[in-house]
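Undergrad:
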Amino acid sequence: MESIRKQASKLREQVAKQQQAVLKRLGSLGNEAVMIDEAELLCHQNLQDLYNSTRAAKHFQRSLVRGVEAFVSISSKQMEIVRKLAEDCCKYGAENQSTSTPLVIASDYFGTSYNSIEVEREIFLKILGEQVAEPLRAQITGAPLEDARHLTHRYDKLRQEVEAQVAEVLRRRLKSRGSVSAESSVKLQNAEARLTELKSTTVALGREATAAMLSVEEHQQQMTFHKLCTMVDAERSYHQHALAILDKLHSEAIHPFDAQADGELNLAIDDYVVVRQVGPNGWSEGECNGKAGWFPSAYIERQEKAPSAKLM
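Mapping of the sequence shown onto full-length UniProt numbering: residues 1 to 312, in sequence order.
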């Protein structure tokens, strides 16, 4: 349908140019009121460019919405799987608290950590749905775009009427050339007046349609760019929070620490500590070798990955 519309538009342009050429050759019949104005042709071309631009942006927005919706759907299923895994880990830890083995401690903290990560993922997916997909979908089906396109279609239709009226004026001028009847003269004057009226209306409608399309194009570009930035920021925040949670999972002791008071935790070099919390006073709370307690935060360093042998 769109290709047919473009072909029809090109054909009308060719007819308009042919009419101009004929009128220029017929010097004695020439009249500026009959000629197709160059500014109007430029307006028409600008509207075509704006129509194509907003159409491409609309299709891109639709692709973004579909992609985000698919991503949210798949990620939601992944959340169910991970939460079930976290639940099983926490269940094992809760059912075997009396033994306090490294595996029990690790499984409990693993489950708790991944539950926290999935909370962050849920926030991320909510942002994608509510702050990205929904606003884009609203703009795709919104009134401003449809109204602007409707004005453009009206403008195209009016241009066709102008072209037809140009042909009518030309025909009557040719006919009146060999006739001096009052009737022919009146019909010619009426045709010319109608052409002037149509051209004036076309110019006004062209300006209105151009302004509407420019406004839509600007809003499309701004909103789509902003939503892309929102997607990046939301995912970046999600991964940062997830990494922070995982960073707390394991830390390695780099200095030995002998507990001096109740509630403090003995640490030896190469011990691996499950960090529960980091206090603002320079002390951290964690578990090591089946015991829990506080220790100086400076005595440990974060590790990307703890060897499985250290956990058992």
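The beta carbon of each residue, even a glycine, is placed where N, CA and C say it ideally should be.
What are the uninterrupted segments assigned as beta strand (DSSP E) that are 3 or more residues long and contained completely in the stretch 238–300, given in chain order?
TA: As far as the stretch 238–300 is concerned, its whole beta strand (DSSP E) runs of at least 3 residues are 251–253, 272–278, 283–288 and 291–296.
Undergrad: Considering only the alpha carbon of each residue, which of 198, 60, 224 and 132 lies closest to residue 155?
TA: The residue labelled residue 155 in the question sits at position 155 within the sequence shown. Comparing Cα positions, the closest option is 198.
Undergrad: Considering only the alpha carbon of each residue, which of 194, 87, 216 and 268 lies closest to residue 112?
TA: Counted from its first residue, the sequence shown places residue 112 at position 112. Measuring from the Cα of residue 112, the nearest candidate turns out to be 87.
Undergrad: Since residue 75 is in the alpha helix (DSSP H), which residue starts that stretch and which ends it?
TA: Within the sequence shown, the letter at position 75 stands for residue 75. Counting along the chain, the alpha helix (DSSP H) containing residue 75 begins and ends at 38–95.
Undergrad: Which class does residue 142 belong to by DSSP, given the choice of helix, strand or coil?
TA: In the sequence shown, counting from the first residue as 1, residue 142 sits at position 142. Three-state result, residue 142: coil.
Undergrad: Kindly give me the distance between the Cβ atoms of residue 57 and residue 221, rounded to whole angstroms, as I take these residues to be in contact under 8 Å.
TA: To locate residue 57, count along the sequence shown from 1; it is residue 57. To locate residue 221, count along the sequence shown from 1; it is residue 221. Their Cβ separation, rounded to whole angstroms, is 7 Å, which keeps residue 57 and residue 221 in contact under 8 Å.
Undergrad: Could you pull out every unbroken beta strand (DSSP E) segment of at least 3 residues lying fully inside the stretch 108–191, listed in chain order?
TA: DSSP runs (the beta strand (DSSP E)) wholly in the stretch 108–191: none.
Undergrad: Measure the C-alpha to C-alpha separation of residue 51 and residue 230 and round it to an integer number of angstroms.
TA: The residue labelled residue 51 in the question sits at position 51 within the sequence shown. The residue labelled residue 230 in the question sits at position 230 within the sequence shown. Straight-line Cα distance between these residues: approximately 27 Å.
Undergrad: Do residue 188 and residue 200 have their C-beta atoms closer together than 8 Å?
TA: Walking along the sequence shown from the start, residue 188 turns up at place 188. Walking along the sequence shown from the start, residue 200 turns up at place 200. No. Outside cutoff.
Undergrad: Hey, out of 208, 262 and 170, whose CA is closest to residue 43's CA?
TA: Stepping through the sequence shown from its first residue, residue 43 is reached at position 43. Answer by Cα proximity: 208.
Undergrad: Take the Cβ of residue 290 as the centre, count every other Cβ of all protein chains shown within 10 Å, and call the residue buried at 16 or more, exposed below.
TA: As a working note, residue 290 is residue 290 in the sequence shown. The residue in question, residue 290, is exposed, as its Cβ has fewer than 16 Cβ neighbours within 10 Å.
Undergrad: Can you have a look at residue 215 and say buried or exposed, based on whether 16 or more other CB atoms are within 10 angstroms of its CB?
TA: Counting from one through the sequence shown, the residue named residue 215 turns up at place 215. Looking at its Cβ environment, which holds fewer than 16 other Cβ atoms inside 10 Å, residue 215 is exposed.
Undergrad: Going by beta-carbon coordinates alone, are residue 115 and residue 137 separated by less than 8 Å?
TA: Within the sequence shown, the letter at position 115 stands for residue 115. Within the sequence shown, the letter at position 137 stands for residue 137. Not in contact: residue 115 and residue 137 (Cβ atoms no closer than 8 Å).
Undergrad: CB-CB under 7 Å to residue 245, same chain, minus the five flanking residues each way: which ones, in chain order?
TA: Numbered from 1 along the sequence shown, position 245 holds the residue referred to as residue 245. Taken in chain order, the residues that qualify are 113, 116 and 117.
Undergrad: How is residue 98 classed by DSSP in three states: helix, strand or coil?
TA: Residue mapping note: residue 98 aligns to position 98 of the sequence shown, counting from 1. Coil.
Undergrad: Is the beta carbon of residue 287 sitting closer than 8 Å to the one on residue 274?
TA: Counted from its first residue, the sequence shown places residue 287 at position 287. Counted from its first residue, the sequence shown places residue 274 at position 274. The answer is yes: Cβ separation under 8 Å.
Undergrad: On the three-pair Cβ rule with 8 Å, is the stretch 64–78 touching the stretch 125–137?
TA: Yes, the stretch 64–78 touches the stretch 125–137.
Undergrad: Give the C-beta separation of residue 120 and residue 79 to the nearest angstrom, bearing in mind that I take them to be a contact with Cβ-Cβ under 8 Å.
TA: Taking the sequence shown and counting its residues from 1, the one referred to as residue 120 is at position 120. Taking the sequence shown and counting its residues from 1, the one referred to as residue 79 is at position 79. That belief does not hold up - the Cβ atoms of residue 120 and residue 79 are roughly 11 Å apart, past 8 Å.
Undergrad: Please report the straight-line C-alpha distance between residue 96 and residue 104, rounded to a whole angstrom.
TA: For the purposes of this step, residue 96 is taken as residue 96 along the sequence shown, with counting starting at 1. For the purposes of this step, residue 104 is taken as residue 104 along the sequence shown, with counting starting at 1. C-alpha separation (whole angstroms): 7 Å.
Undergrad: Check each candidate in 202, 140, 158 and 193 and name the one with the smallest Cα separation from residue 60.
TA: Here the question's residue 60 lines up with position 60 in the sequence shown. Nearest of 202, 140, 158 and 193 to residue 60, Cα basis: 140.
Undergrad: Would you tell me roughly how many angstroms separate the C-alpha atoms of residue 55 and residue 160, rounded to the nearest one?
TA: Here residue 55 corresponds to residue number 55 of the sequence shown, with the count starting at 1. Here residue 160 corresponds to residue number 160 of the sequence shown, with the count starting at 1. Going by the C-alpha atoms only, they are around 22 Å apart.
Undergrad: Under the rule that 16 or more other beta-carbon atoms within 10 Å means buried, what is residue 81, buried or exposed?
TA: In the sequence shown, residue 81 corresponds to position 81, counting from 1. Exposed, since its Cβ has fewer than 16 Cβ neighbours within 10 Å.
Undergrad: How long is the line joining the alpha carbons of residue 173 and residue 191, rounded to whole angstroms?
TA: To locate residue 173, count along the sequence shown from 1; it is residue 173. To locate residue 191, count along the sequence shown from 1; it is residue 191. If you take the alpha carbons of residue 173 and residue 191, they lie about 10 Å apart.
Undergrad: Does residue 124 pass the burial test, meaning 16 or more other C-beta atoms within 10 Å, or should it be called exposed?
TA: Your numbering for residue 124 matches position 124 in the sequence shown. The residue in question, residue 124, is buried, as its Cβ has 16 or more Cβ neighbours within 10 Å.
Undergrad: Hey, how far is the Cα of residue 145 from the Cα of residue 38?
TA: What you label residue 145 is simply residue 145 of the sequence shown in a count that begins at 1. What you label residue 38 is simply residue 38 of the sequence shown in a count that begins at 1. Looking at the two C-alpha atoms, the distance is approximately 27 Å.
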